[in-house]
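Colleague:
In the working numbering, the protein residues as written are 61 to 692.
1) Under DSSP, the alpha helix (DSSP H) around residue 666 begins and ends at which residues?
2) Give a yes or no on whether the C-beta atoms belonging to residue 581 and residue 673 are separated by under 8 Å.
3) Report the three-state DSSP secondary structure of residue 485 (helix, strand or coil).
4) Let me make sure I understand the geometry here. Which of 422, 418, 369, 420 has the alpha-carbon closest to that of residue 401?
5) Tell me whether the beta-carbon of residue 288 lies closer than 8 Å to the beta-carbon of residue 182.
6) Taking the alpha-carbon positions, what's the residue 245 to residue 283 distance?
7) Do residue 327 and residue 476 count as a contact pair if the criterion is CB distance below 8 Å?
8) Just curious, the beta strand (DSSP E) that residue 228 is in, first and last residue?
9) In whole angstroms, give me the CA-to-CA distance for residue 268 and residue 548.
10) For residue 400, which of helix, strand or coil comes out of DSSP?
11) Looking only at C-alpha atoms, which of 489, 542, 189, 143 sits nearest to residue 526?
12) For the ligand ATP, is there any heavy atom lying closer than 7 Å to the beta carbon of residue 324?
13) Exposed or buried, residue 88, counting other C-beta atoms within 10 Å across all chains shown (16 or more means buried)?
14) Which class does residue 97 belong to by DSSP, given the choice of helix, strand or coil?
15) With DSSP as the reference, identify every bridge partner of residue 477, one or two as the case may be.
16) Helix, strand or coil for residue 454 per DSSP?
17) Can you tell me where the alpha helix (DSSP H) holding residue 554 begins and where it ends?
18) Taking the continuous beta strand (DSSP E) assigned at residue 282, which residues delimit it?
19) Tell me the DSSP secondary structure of residue 91 in three-state form.
20) Rounded to the nearest angstrom, what separates residue 129 and residue 85 at their Cα positions?
21) For residue 671, which residues in the same chain have their Cβ closer than 6 Å to its Cβ, ignoring the five residues on either side in sequence?
22) Thinking residue 386 and residue 404 are a contact (beta carbons under 8 Å), I'd like their distance in whole angstroms, please.
23) Express the C-alpha separation of residue 497 and residue 481 in angstroms, rounding to a whole number.
24) With distances taken from CA atoms, which of 431, 390, 120, 323 is nearest residue 381?
25) For the beta strand (DSSP E) that contains residue 232, what are its first and last residues?
26) Only counting runs of 3 or more residues, tell me where the beta strand (DSSP E) segments fall wholly within the region 317-376, in order along the chain.
27) So, is residue 374 buried or exposed, given that buried needs 16 or more other C-beta atoms within 10 angstroms?
28) Could you tell me whether the region 553-570 touches the region 514-523, using the rule of 3 or more Cβ pairs below 8 Å?
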């Protein structure tokens, strides 16, 4: 928990605030001293009240302009002598502050301009400010520029500049082309690494993105992250970048990603160690299978995950979609989801109406607290929970439920939502199985938002897919940046599930090193490549040999079929349905087939199950996938 700040620490934290107050107080005192002393001096010779007041005010102004209004040999009071020295000192301080701030801004401009890690953040919203503060402390030493169309307070601007953040104010809609061109050259926009569009409104981010994209010529790979809550606006953004790429080839270097607070929040909690440990525990029995292994045995030795979700709100559908992907661990059973809340029947009916594919991916059990209290529902559970999410916005309710849950499931991991901005350290039991979430500062980080390790894995799989497509004479496929938003999402979801597959391999080969597992996969990949040679001359023989290859390697068979099931789940949660033709607009796909034997059989040429196997060969990249895929 955070310790209380000492008075000295508070002063240091608010130094600019106190400096401003002191400066203002000295300014007022100096003005009063100058006015009183000059009034006493001039009132002796000037009797007209208007002329006297005008002369005194003019004299006070001259004090601040380094020009004493009274000759040095004239007799003056002590008040005047104090004012005569304070006024020019205060003026000098103001001038030097402005000069130093200008020089600091120029320094930040040049350092940022030449940096390979230069980031542009558009708009000083809550999420934008949080992102900047997190990136300042990031291990990658990013150079940051903040661009806003709205006024930025001088104190905040100075605070940013002192931390190396160059701040700019420009409105693309109201500025002429020369101003915009000069600004883009100043920030060297064609060589930035990332751009973040963090306005509070989707349409403003859309307008900003359009204004920038139409004017740049990227010289390197560039990531654009756009805050966007609306799926409609997201689709317009995707259509626009496709259209602009047709006119400018170099825009293919831009990788556009949409994000919103809900998605980032759920992604953060799904990457928590407590969640990963809960998934891993369901596979513990794999270590006791012995040497004789079949795909059926592997499935039988994985315990079905049982997730309890208490509280239905704006996070629920996103959480369920992530669970449907990340917690696909068995072939014969779907993950069990117990959803509990007041009026749960009505709320889930609306939830399923808006997300028609969810019921095809998860096994739901709904509990309405109006009919069955929490303690009765917990007592009647036939399957012990693997993980419990307490999702209510009212954290007091969650604390009440926690007391009831701990009487029966104290050792089960609990993830608790807390949006109160209050430290609950003392209110919670001292339990390592509890994790709080809900603070925006936890999600606006490079690990969660930029997710470089995750994207690297997704890109590697896409490259493997392209190489294999070329081998099949189906064309080389699309580069990562040219993929549709649906395909990028699918690849990223596959990368997120890699941690589950790796854990399965670790549990099966529990007595082997990770190098052994990597060598095993490499060896099997070499065997698979020999099958590719057959495919070039005899496709039917290749299909027969491929089936035999999976039959002889039940671990690969299980992981490939598990990947196909996960892939189906990910498309179902995007509201895709089975259709004879692949169409992202109509949301149909011919490979949404739950029967793996059919995929290996009459649907082989359409669904290419070898692609599912390719995802297995891209495991163990040696990178930390948002805390999910660490080296053993």
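No residue lacks a Cβ here, since even glycine has one placed at the ideal position from N, Cα and C.
Remember, it's a predicted structure, so these values are computed and weren't measured experimentally.
Modeller: According to the structure shown:
1) 664-667
2) no
3) coil
4) 369
5) no
6) 19 Å
7) no
8) 226-229
9) 23 Å
10) strand
11) 542
12) Within the structure as shown, the ligand ATP is missing, as the structure has no ligands at all.
13) exposed
14) helix
15) 497
16) coil
17) 545-568
18) 282-287
19) helix
20) 23 Å
21) none
22) With 8 Å as the limit, residue 386 and residue 404 do not qualify as a contact, their Cβ atoms being about 23 Å apart.
23) 10 Å
24) 323
25) Counting along the chain, residue 232 falls outside any beta strand (DSSP E), and DSSP gives it neither H nor E.
26) 366-370
27) exposed
28) yes
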